[in-house]
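Here our numbering is used: the first residue of the sequence shown is -3, the next is one more, and so on.
For glycine and all other residues, C-beta sits at the position ideal for the given N, C-alpha and C.
Here the structure comes first, spelled out in structure tokens, and everything after it is commentary.
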Amino acid sequence: MKAPQLPKLRRWVNRLGRIVLVLALVGIGVVAYANITAMWASRGRLFDDVEAMPKTRVGLVFGTTDRVNGLENLYFRYRIDAAERVWKAGKLGVLIVSGDNSNKYYNEPAKMKQALIDRGIPAGRIVCDYAGLRTFDSVVRAKEIFGLDSIVFISQRFQNERAIYLAQAHGMNAIGFNARNVETHAGIKTKLREIGARVKMWLDVHFLGTRPRFLGEKIDLPR
């Protein structure tokens, strides 16, 4: 069997290299666009100063566990701190705590609700969304289950940016109040994960036709 001629083999290698380069550039472009587009969507809609934030009937606090490997989870504490500030500034009438309750041993909304009650927020003004398995689910359920067209998200800035993009894609008017960020090793890992989360966000909205894992009956909020 005749061995391939060297020039011909070299041409195939060069073509393959160009294809790989093009695919890599397209991939980098998609990652960059998906990450930047969430920042664009949230321009002028994020607040660090509670007094500057407009009143909104309902706020949604995104869930996270209160402890990680036996240690306090600062994401949890800072989100509860932020929700307390917004509430006590008189900016909200109802708080939704939306998180994961996928089994009886893990209940993010219940822990968030109790933490808010401990801060003096009336239990009757806090509503648990037990099917907020991820940001996408929490946002779409706010629209379809709780019937909201306007909302304020309460979380760290990176999640608020992504949530506002998702809310706008589903016809909602959304703003965000930024909880304090976490400047630790865990915070760095979260920022790296956020890059992929924004790509998934963009694909969910434009290509995948994603729906929340659980919907169910509509839920009336306190008036």
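So for N177, helix, strand or coil by DSSP?
coil
Can you name, in chain order, every residue of its own chain whose Cβ lies under 6 Å from the Cβ of V201, other than the five neighbours on each side?
A165
In three-state DSSP terms, what is D62?
coil
Quick one: residues in its chain with C-beta nearer than 7 Å to the C-beta of G120, no 5 flanking neighbours on either side, listed in chain order?
P218
DSSP state of S98, grouped into three classes?
coil
L19 and I76 - do their beta-carbons sit closer together than 8 Å?
no
Own chain residues within Cβ distance below 6 Å of R53, not counting five before or after
G89
Which residues mark the beginning and the end of the alpha helix (DSSP H) in which S134 is found?
131 to 140
Can you tell me where the beta strand (DSSP E) holding V123 begins and where it ends?
122 to 125
Check whether F173 and A78 have beta carbons under 8 Å apart:
yes
Please report the straight-line C-alpha distance between I117 and L42, rounded to a whole angstrom.
23 Å
Going by DSSP, name the residue or residues bridged to E68.
R63
On a Cα-Cα basis, can you pick out the residue from R81, V16, S38 that is closest to Y161?
S38
How far does the beta strand (DSSP E) with F149 in it reach, from first residue to last?
146 to 152
Ends of the alpha helix (DSSP H) at E104?
104 to 114
With DSSP as the reference, identify every bridge partner of A170, one or two as the case may be.
I147
Does the distance from the CB of Y126 to the CB of N97 come in under 8 Å?
yes
To the nearest angstrom, report how far apart R236 and I32 are at their CA atoms.
The requested residue 236 is not part of the displayed model; the chain covers only -3 to 219.
As a quick exercise: from W83, G86, C124, pick the residue whose alpha carbon is nearest that of N103.
C124
Whole angstroms are fine: how far does the CA of G25 sit from the CA of R73?
35 Å
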